[in-house]
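For the sequence shown, the positions run 9 to 181 when the numbering used here is used. What follows is a set of notes on a single structure, which appears directly below.
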Amino acid sequence: MHTFEVDLADVDRSVYEQFTLRVARHPSETESFMMTRIVAYCMEYTEGIVFGGGVSTTDEPAVLVRDLTGALSAWIEVGAPDAARVHGGSKSAERAVVYTHRDPEKVLANWRGKTIHRGDAIDLFAVDPALVSESVSALERRNTLTVSRTEGQVYLDLNGVNIAGSIVAHRLE
Numbered sequence: 009m010h011t012f013e014v015d016l017a018d019v020d021r022s023v024y025e026q027f028t029l030r031v032a033r034h035p036s037e038t039e040s041f042m043m044t045r046i047v048a049y050c051m052e053y054t055e056g057i058v059f060g061g062g063v064s065t066t067d068e069p070a071v072l073v074r075d076l077t078g079a080l081s082a083w084i085e086v087g088a089p090d091a092a093r094v095h096g097g098s099k100s101a102e103r104a105v106v107y108t109h110r111d112p113e114k115v116l117a118n119w120r121g122k123t124i125h126r127g128d129a130i131d132l133f134a135v136d137p138a139l140v141s142e143s144v145s146a147l148e149r150r151n152t153l154t155v156s157r158t159e160g161q162v163y164l165d166l167n168g169v170n171i172a173g174s175i176v177a178h179r180l181e
């Protein structure tokens, strides 16, 4: 279990919040996947956002957003999900996005030619590999995390370690 005291300043979306995240890391989950999941949570932060059931839960994404009625409004997947999973997520929610710490071209190549509901509207966000690896190096059980995004650049201060990188959007063509 990891705890993060988060101070979020997302200038690009005008979102400024402070919150605590308690993140359980499944034994089969890498630290890189977990950090990408945390970055995705922060980049998508809004009312109703929660972590999904975990890697062993097949009917939920890594992160999801429910509206006040309980309806799924955002399906936020992490890693390199297969086309069928993205298709199902896109059908389940108003919006579906994927954050990856892997090579985005390889992820897109696995989706090409497959049926994906509203595939042209799904963003694949490639998180800078250096951002992920440097944050993994600074990771502790109890963490203080400041996240800032401005003009597409992401700046993290994780336990006193400053890390900068980009998150680049890709689309299935």
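Glycine included, C-beta positions come from ideal geometry on N, C-alpha and C. Bear in mind the structure is a predicted one, so any value in this text is a computation, not a measurement.
Top-ranked residue by Cα proximity to residue i, from the options
i	options	result
Val47	His109, Asp128 and Arg149	His109
Glu142	Glu159, Thr158 and Leu164	Leu164
Ser145	Asn170, Gly127, Gln161 and Gly121	Asn170
Pro89	Ser81, Ala101, Ile124 and Val73	Ile124
Pro69	His10, Asp15, Gly87 and Pro35	Gly87
Thr44	Ile130, Ala134 and Thr152	Ala134
Leu16	Met9, Gln26 and Ser22	Gln26
Ala101	Tyr107, Ala92 and Ala82	Ala82
Arg30	Val105, Ser174, Glu148 and Ile130	Glu148
Ile175	Tyr107, Ala129 and Asn118	Tyr107
Ile130	Val14, Asp67, Arg179 and Met9	Arg179
Nearest-angstrom Cα separation, counted from residue j out to residue i
i	j	result
Leu183	Gly97	Residue 183 lies beyond the residue range present for the chain, which begins at 9 and ends at 181; the question has no answer from this structure.
Val155	Asp20	12 Å
Ala177	Arg150	31 Å
Asp75	Pro137	32 Å
Gly56	Val73	5 Å
Thr11	Val115	30 Å
Gly168	Arg120	41 Å
Thr158	Arg33	29 Å
Arg126	Thr28	34 Å
Pro112	Glu39	19 Å
Arg103	Glu85	11 Å
Glu181	Leu166	36 Å
Phe59	Glu52	11 Å
Val71	Thr77	18 Å
Leu153	Val14	5 Å
Val105	Met9	26 Å
Gly173	Gln161	6 Å
Val140	Met42	9 Å
Beta bridge counterpart(s) of residue i as assigned by DSSP
i	result
Asp15	Gln26 and Thr154
Ser174	Gln161
Ala7	Absent from the structure is residue 7, since the part of the chain shown begins at 9 and ends at 181.
Val115	Its beta-bridge partners do not exist; DSSP assigns none.
Leu72	Val58 and Trp83
Val31	His10
Val135	Ile175
Collapsed DSSP secondary structure at residue i in the structure displayed
i	result
Ile130	coil
Thr44	helix
Arg93	helix
Leu166	strand
Leu180	coil
Tyr53	coil
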